[in-house]
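Undergrad:
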Amino acid sequence: MLESMNVPSVLLAIAGLLAGGIAGILIERRGLRRARSRRETEGRGIIESARLEAQSVRKAAELEGREEAQQLRVAWASEAERRRSEIERLEKRTVERSETLERKLEGLDQRQERLDQRRDAVDRERSELEATADRLDERERMVGRRLQEIAGLDRESARRELMGQIRDEARADAAQHVREVRERARSEAEREARKIISQAIEKLSVDHSSEAAVSVVTLPSDDMKGRIIGREGRNIRSFEAATGVDVVVDDTPEAVILSCFNPVRREVARLAMDRLIGDGRIHPGRIEEVVEKAKDDVRKTMRQAADETLYELGIHDLHPKLHEVLGVLRFRTSYGQNQLEHAREVALIGATMAAELSLDAQIVKRMGLLHDIGKGLTHEKEGSHVEIGYDLCKKCGEKDPVLNAIRAHHGEEPARYPETFLVTAADAISGARPGARRESFEHYVKRLEKLEAIASSWDGVEKVYAIQAGREIRIMVTPDKISDEEMAVLSEQTARRIENELQYPGQIKVVVVRESRTVDFAR
Numbered sequence: 001m002l003e004s005m006n007v008p009s010v011l012l013a014i015a016g017l018l019a020g021g022i023a024g025i026l027i028e029r030r031g032l033r034r035a036r037s038r039r040e041t042e043g044r045g046i047i048e049s050a051r052l053e054a055q056s057v058r059k060a061a062e063l064e065g066r067e068e069a070q071q072l073r074v075a076w077a078s079e080a081e082r083r084r085s086e087i088e089r090l091e092k093r094t095v096e097r098s099e100t101l102e103r104k105l106e107g108l109d110q111r112q113e114r115l116d117q118r119r120d121a122v123d124r125e126r127s128e129l130e131a132t133a134d135r136l137d138e139r140e141r142m143v144g145r146r147l148q149e150i151a152g153l154d155r156e157s158a159r160r161e162l163m164g165q166i167r168d169e170a171r172a173d174a175a176q177h178v179r180e181v182r183e184r185a186r187s188e189a190e191r192e193a194r195k196i197i198s199q200a201i202e203k204l205s206v207d208h209s210s211e212a213a214v215s216v217v218t219l220p221s222d223d224m225k226g227r228i229i230g231r232e233g234r235n236i237r238s239f240e241a242a243t244g245v246d247v248v249v250d251d252t253p254e255a256v257i258l259s260c261f262n263p264v265r266r267e268v269a270r271l272a273m274d275r276l277i278g279d280g281r282i283h284p285g286r287i288e289e290v291v292e293k294a295k296d297d298v299r300k301t302m303r304q305a306a307d308e309t310l311y312e313l314g315i316h317d318l319h320p321k322l323h324e325v326l327g328v329l330r331f332r333t334s335y336g337q338n339q340l341e342h343a344r345e346v347a348l349i350g351a352t353m354a355a356e357l358s359l360d361a362q363i364v365k366r367m368g369l370l371h372d373i374g375k376g377l378t379h380e381k382e383g384s385h386v387e388i389g390y391d392l393c394k395k396c397g398e399k400d401p402v403l404n405a406i407r408a409h410h411g412e413e414p415a416r417y418p419e420t421f422l423v424t425a426a427d428a429i430s431g432a433r434p435g436a437r438r439e440s441f442e443h444y445v446k447r448l449e450k451l452e453a454i455a456s457s458w459d460g461v462e463k464v465y466a467i468q469a470g471r472e473i474r475i476m477v478t479p480d481k482i483s484d485e486e487m488a489v490l491s492e493q494t495a496r497r498i499e500n501e502l503q504y505p506g507q508i509k510v511v512v513v514r515e516s517r518t519v520d521f522a523r
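In this note's numbering, the protein residues as written are 1 to 523.
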């Protein structure tokens with residue numbers, strides 16, 4: 001085949017192949033250069049993009065740092081302002097305390113001055129008595145000598161006669177002097193006591209509201225009564241079983257009555273009934289659900305009321321069981337007076353009087369707060385609230401002054417601490433304030449009848465009048481049977497019998513009147 005081909009054609013073919021290979025090589029190199037140029041351009045773009053992104057990140061970090069610094073400056077300024085306000089408040093409180101201490105010191109100085117004046121007066125009276133005794137001795141000697149000279153009596157007989165005469169005179173003088181001292185001391189003590197009690201009451205002003213053993217729930221319409229009763233009475237039975245409260249549905253227009261002697265159950269029932277009426281869905285399942293929610297709300301209310309009272313009185317270490325029972329007093333009343341408010345009031349009044357008398361005001365607050373704590377468990381345990389409260393506080397580790405106040409404020413044991421007398425007085429003040437308590441008409445009449453019966457039981461009593469709503473008993477005695485000296489004995493014995501045989505708020509004044517009249521006619 002080669003032999004058939006001529007040489008020039010072969011050379012041309014070889015030259016064409018070489019030219020095509022060289023052109024391919026050149027094209028490939030040109031493509032490589034373009035690719036390398038493109039990659040360099042892309043690399044520069046990536047580098048530029050990275051640089052821009054780094055600048056953006058740096059600017060964002062700087063901005064974030066500035067914002068954080070600004071926030072720190074604002075927080076620091078707020079904290080500085082708060083600390084400045086706290087320092088100002090502490091300074092103001094320190095100034096107020098120093099002023100209070102100065103006033104107390106002035107009061108103590110004045111009290112010390114009055115005591116010094118009383119001591120001087122007693123010393124003068126003692127000197128006068130000693131001088132009187134010396135004069136009586138001299139008079140005895142003179143009378144003895146005179147009797148011996150005139151009557152010719154021996155010394156022993158004259159001595160007996162003289163001693164009898166002097167004894168009678170001394171007894172009359174002593175009785176008169178004791179009466180004057182007693183009246184003066186009583187007047188000063190009453191004036192000082194009125195001052196202290198008035199200051200204590202003046203610092204406490206509370207509203208009183210009376211509660212009964214029933215709660216009235218208002219209905220939007222009388223049609224709601226049928227829904228409350230339910231088919232064949234299943235709704236009302238479910239409600240009474242869940243709450244333990246009697247539901248009275250009578251002819252009272254647009255109202256139902258919830259009756260129960262347990263105030264906590266009655267409050268739970270009232271809340272549950274209000275919610276059922278507002279919701280409109282009344283059936284046994286819904287009733288149980290709403291009653292449980294109402295119980296939780298009442299427990300929260302009691303806990304909050306106890307917390308607020310303890311915070312106000314500054315008592316922070318009360319036993320959890322006492323804290324729970326204290327909350328129950330929020331819905332407990334005695335003669336219409338709320339017992340939690342009564343306990344708070346007794347604590348504040350007693351503490352104020354204790355501060356005036358330089359006694360421990362904090363322990364008086366605790367004693368006053370817990371003196372009627374047993375009333376929160378009288379619906380669950382048998383016995384008087386005094387014994388229930390005493391046992392509860394003793395189990396919870398309360399100190400002896402608190403236990404003594406619980407029993408002594410009803411006279412079940414004598415008061416062993418000065419603070420106990422203040423708690424008893426504060427309890428009487430709180431219960432006797434106008435509008436604080438109410439009592440039934442029958443109980444009021446029985447108390448007046450018993451009061452008059454005690455005063456009429458003495459021999460020589462002519463008439464008895466109970467006046468000023470039983471706050472004062474006036475006894476008219478027969479002058480022939482009762483002397484002036486016996487009047488004081490009669491008033492004291494009557495007061496002691498009233499204390500031992502009657503239960504009453506406040507105090508009862510016993511007045512004995514002895515009047516002599518001589519009547520004649522001119523005809």
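Even for Gly, the Cβ is constructed at its ideal location relative to N, Cα and C.
Just so it is clear, the structure is predicted and the values come from calculations on it, not from any experiment.
Please report how far the alpha carbon of His283 lies from the alpha carbon of Ala405, in whole angstroms.
TA: Position 283 of the sequence shown, counted from the start, is the residue given in the question as residue 283. Position 405 of the sequence shown, counted from the start, is the residue given in the question as residue 405. Straight-line Cα distance between these residues: approximately 50 Å.
Undergrad: Is the segment 261-275 in contact with the segment 307-314, if contact means three or more CB pairs nearer than 8 Å?
TA: Too few Cβ pairs lie closer than 8 Å, so no.
Undergrad: Just how far apart, CA to CA, sit Asn500 and Ser334?
TA: Translated into the one-based positions of the sequence shown, residue 500 becomes position 500. Translated into the one-based positions of the sequence shown, residue 334 becomes position 334. A straight line joining the alpha-carbon of Asn500 with that of Ser334 spans about 21 Å.
Undergrad: Less than 8 Å between C-beta atoms, sequence neighbours within five positions excluded: which residues of the same chain meet that for Val511?
TA: Counting from 1 along the sequence shown, the entry for residue 511 is found at position 511. Counting only Cβ-Cβ distances below 8 Å, and skipping sequence neighbours, we find Glu472, Ile473, Arg474, Ile475 and Ser491.
Undergrad: For the alpha helix (DSSP H) holding Arg344, just list the boundary residues, first then last.
TA: The residue you call residue 344 lines up with position 344 of the sequence shown. Run containing Arg344: Gln339 to Glu356, per the alpha helix (DSSP H) assignment.
Undergrad: Run through DSSP, which three-state label would Ile315 get?
TA: Here residue 315 refers to the residue found at position 315 of the sequence shown. It is coil, neither helix nor strand.
Undergrad: How far does the beta strand (DSSP E) with Glu462 in it extend, from its first residue to its last?
TA: Locating residue 462 in the sequence shown gives position 462, where the first residue counts as 1. First-last of the beta strand (DSSP E) with Glu462: Val461 to Ile467.
Undergrad: Under 8 Å, do Leu258 and Val249 count as touching if we go by C-beta distance?
TA: Counted from its first residue, the sequence shown places residue 258 at position 258. Counted from its first residue, the sequence shown places residue 249 at position 249. Contact flag unset, no.
Undergrad: Given that a residue counts as buried once 16 or more other Cβ atoms are within 10 Å of its Cβ, and exposed if not, what is Gln337?
TA: One-based indexing of the sequence shown puts residue 337 at position 337. Buried is the call here.
Undergrad: Under a three-way DSSP split, which group does Leu258 fall into?
TA: As a position in the sequence shown, residue 258 is number 258, starting the count at 1. In the three-state reduction of the DSSP assignment, Leu258 falls in the strand class, which pools E and B.
Undergrad: Could you tell me which uninterrupted alpha helix (DSSP H) segments, each at least 4 residues in length, are contained entirely in the segment 399-434, listed from first to last along the chain?
TA: 400-408 and 418-432
Undergrad: Cβ atoms of Ala351 and Leu329: under 8 Å apart, would you say?
TA: Translated into positions along the sequence shown, residue 329 becomes position 329. Translated into positions along the sequence shown, residue 351 becomes position 351. At least 8 Å separates the beta-carbon of Leu329 from that of Ala351.
Undergrad: Taking DSSP as the reference, what is the three-state secondary structure of Glu211?
TA: Counting from one through the sequence shown, the residue named residue 211 turns up at place 211. Because the pLDDT of Glu211 is 45, which lies under 50, any placement of that residue in the model is unreliable, and the question is left without a value.
Undergrad: Assign Val513 to buried or exposed, taking buried as 16 or more other Cβ atoms, counted over all protein chains shown, within 10 Å of its Cβ.
TA: For the purposes of this step, residue 513 is identified with residue 513 of the sequence shown, where counting begins at 1. With fewer than 16 Cβ atoms within 10 Å of its Cβ, Val513 is classed as exposed.
Undergrad: Can you tell me whether DSSP reads Glu267 as helix, strand or coil?
TA: Here residue 267 refers to the residue found at position 267 of the sequence shown. Three-state result, Glu267: helix.
Undergrad: Taking 8 Å as the threshold, find out whether the segment 357-368 comes into contact with the segment 396-405 through three or more Cβ pairs.
TA: yes
Undergrad: Could you work out which residue in Ile373, Glu324, Phe331 and Val325 is closest to Ala347 when comparing CA atoms only?
TA: Position 347 of the sequence shown, counting from 1, holds the residue named residue 347. Selected option, being the one with the closest Cα: Ile373.
Undergrad: According to DSSP, which residues form a beta bridge with Glu472?
TA: Along the sequence shown, one-based indexing puts residue 472 at 472. Paired residue(s): Ile467 and Lys509.
Undergrad: Leaving out five residues on either side along the sequence, give the residues of the same chain with a beta carbon under 6 Å from the beta carbon of His379.
TA: As a working note, residue 379 is residue 379 in the sequence shown. Taken in chain order, the residues that qualify are Asn262.
Undergrad: What separation, rounded to the nearest whole angstrom, lies between the Cα atoms of Leu72 and Lys59?
TA: Counting from 1 along the sequence shown, the entry for residue 72 is found at position 72. Counting from 1 along the sequence shown, the entry for residue 59 is found at position 59. Roughly 20 Å separates the two Cα atoms.
Undergrad: Pull up the DSSP beta-bridge partners for Val248, would you.
TA: Working through the sequence shown from its first residue, we reach residue 248 at position 248. According to DSSP, which records beta bridges pairwise, Val248 is partnered with Ile257.
Undergrad: At the level of alpha carbons, what is the spacing between Leu18 and Ala35?
TA: Residue numbering aside, residue 18 sits at position 18 when the sequence shown is read from its first letter. Residue numbering aside, residue 35 sits at position 35 when the sequence shown is read from its first letter. Computed Cα separation, rounded: 26 Å.
Undergrad: Just the Cα atoms here: how many angstroms apart are Leu403 and Asp391?
TA: Along the sequence shown, read from residue 1 onward, the residue named residue 403 stands at position 403. Along the sequence shown, read from residue 1 onward, the residue named residue 391 stands at position 391. If you take the alpha carbons of Leu403 and Asp391, they lie about 9 Å apart.
Undergrad: From Glu106 to Asp116, what does the alpha carbon distance come to, in whole angstroms?
TA: Residue mapping note: residue 106 aligns to position 106 of the sequence shown, counting from 1. Residue mapping note: residue 116 aligns to position 116 of the sequence shown, counting from 1. Using only the alpha carbons, I get a separation of about 15 Å.
Undergrad: So, does the segment 477-484 touch the segment 456-465, judging by three or more C-beta pairs under 8 Å?
TA: yes
Undergrad: Assuming Gly226 is part of the alpha helix (DSSP H), what are its boundary residues?
TA: Taking the sequence shown and counting its residues from 1, one reaches residue 226 at position 226. Here the alpha helix (DSSP H) through Gly226 covers Asp223 to Ile229.
Undergrad: Am I right that Met224 and Ile277 are in contact with their C-beta atoms under 8 Å? What's the rounded C-beta distance?
TA: Your numbering for residue 224 matches position 224 in the sequence shown. Your numbering for residue 277 matches position 277 in the sequence shown. Right, their Cβ atoms sit about 6 Å apart.
Undergrad: Please report the residue range of the alpha helix (DSSP H) in which Ile498 lies.
TA: Numbered from its first residue, the sequence shown carries residue 498 at position 498. Element bounds for Ile498: Asp484 to Glu501.
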